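Have a look at the structure below before the remarks.
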Amino acid sequence: MKLITFDPFRTLGTPGVRYIKPEHMHQHREALSEADWLLFPAYWQINSLHYVLKKRIFPSLSSYHLGHDKVEMTRALQTACPEHVPDTLITSADSYGIQQILDQWHFPFVAKTVKSSQGMGVFLIENRQQLETYAERQSVLYVQRLLPIVRDLRIVVVGEEIVASYWREGAGFLNNVSQGGRVRTDIPVPDAALSLVSGLAHYLDINHAGFDVAMVDGHPYILEFNRLFGNTGVPDMPKAIAAAMNRYLLGPEPPSSDTSVSA
-14 MKLITFDPFR TLGTPGVRYI KPEHMHQHRE ALSEADWLLF PAYWQINSLH
36 YVLKKRIFPS LSSYHLGHDK VEMTRALQTA CPEHVPDTLI TSADSYGIQQ
86 ILDQWHFPFV AKTVKSSQGM GVFLIENRQQ LETYAERQSV LYVQRLLPIV
136 RDLRIVVVGE EIVASYWREG AGFLNNVSQG GRVRTDIPVP DAALSLVSGL
186 AHYLDINHAG FDVAMVDGHP YILEFNRLFG NTGVPDMPKA IAAAMNRYLL
236 GPEPPSSDTS VSA
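Heads up: the sequence shown at position 65 corresponds to 50 in my numbering, and the numbers run straight through without jumps.
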């Protein structure tokens, strides 16, 4: 099995991987053509690698394309499972878009930057001035219903497996661990959330992502998913991710060759 990675830190636990810098890919066209898998390319590489060289890419094309920004992601989720997406409005960043929000929405609500992660670019909008300040810095306005929650879930999918699931709880508006939120493993993760993420990831061919899920009165809502996600906060999570990735890319480990029989 020939594996080439463009991100060595994401493939530390995978054996026999060759590293090529993304900007050097055209100098290694023959090696890329002979590879069985190309791992973690930059977004700008995927069209050439998939459509021109016809290579298998990990994470999947769906993970890249649907996870590229929140607009593409939300529109896909609204088509796939509208009942599991918080009320969301995507509109133009101009006076028309601002007025549309003011006519249809009540404060407070959440506003997001369409290309952001780790809790950055997420704002609580409580009045018109905050909305106009947010709009001044955006090319697209993305506003979402503020759900009545004090914590949310992170559910990690790698390959065809859920490798981690846990609650995140913040001291304020954001629950992201990178923004000071804490991991809660003492609270059970609802089966409804696990089932939703597992089924959705399979249906959309998302094979490397951290899904953020809110639970409201027992009903799961997908807030977003991130193709590249953090792996801190849960013991041995990097090892679990690497093992699941290896099973997906390399296949199951062969059975033990030990044929001894106990007396």
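We put the beta carbon where it would ideally sit given N, CA and C, even for glycine. In this text the structure is predicted, and so the values were computed from the model without any measurement.
- In the DSSP annotation of this structure, the continuous segment of the alpha helix (DSSP H) that includes K224 starts and ends at M222 to L235.
- Annotation: I83 to S101 spans about 21 Å, alpha carbon to alpha carbon.
- Restricting attention to F25, Q123, V135 and A96, the CA atom closest to the CA of I110 is found in A96.
- With contacts defined by Cβ atoms closer than 8 Å, A65 and L181 do not form a contacting pair.
- Residue nearest to K224 within the set I(-11), G(-2), K(-13) and F(-6) is G(-2) (criterion: CA-CA distance).
- As for any alpha helix (DSSP H) of minimum length 4 sitting wholly inside the segment 22 to 108, the runs are 46 to 51, 55 to 65 and 80 to 89, ordered along the chain.
- Closest in C-alpha terms to G215, from the list D202, R122, H193 and L234, comes H193.
- Per DSSP, reduced to three states, the secondary structure at D(-8) is coil, with no helix or strand assignment.
- In the same chain as V107, and ignoring 5 residues on each side of it, the C-beta atoms closer than 6 Å to its own belong to K97, in chain order.
- Under the three-state reduction of DSSP output, V182 falls in the helix class.
- The count of Cβ pairs closer than 8 Å, one atom from the segment 136 to 145 and one from the segment 193 to 206, reaches three, so the stretches are in contact.
- Between the beta-carbon of V99 and that of I207 there is about 16 Å, and that puts the pair past the 8 Å contact cut.
- 8 Å or more divides the Cβ of A78 from the Cβ of A16.
- Taking C-beta atoms as the reference points, Y4 and I31 fail to come closer than 8 Å.
- Here DSSP, grouped into helix, strand and coil, assigns L17 to helix.
- The closest CA to that of I86, considering only L126, I191, D(-8) and L234, is found on L126.
- Following the DSSP letters along the chain, one finds L138 inside the beta strand (DSSP E) bounded by residues R136 to V143.
- With fewer than 16 other CB atoms across the displayed protein chains lying within 10 angstroms of its CB, R122 is exposed.
- L131 sits in coil when the DSSP states are folded into three classes, being neither helix nor strand.
- Taking the Cα of V128 as reference, the smallest distance to any Cα among P93, I147 and Q114 is reached at P93.
- By the CB criterion at 8 Å, R41 and D21 fall inside the cutoff.
- Bridge partners of V125 according to DSSP: S77.
- Note that the C-beta distance between V148 and A229 is below 8 Å.
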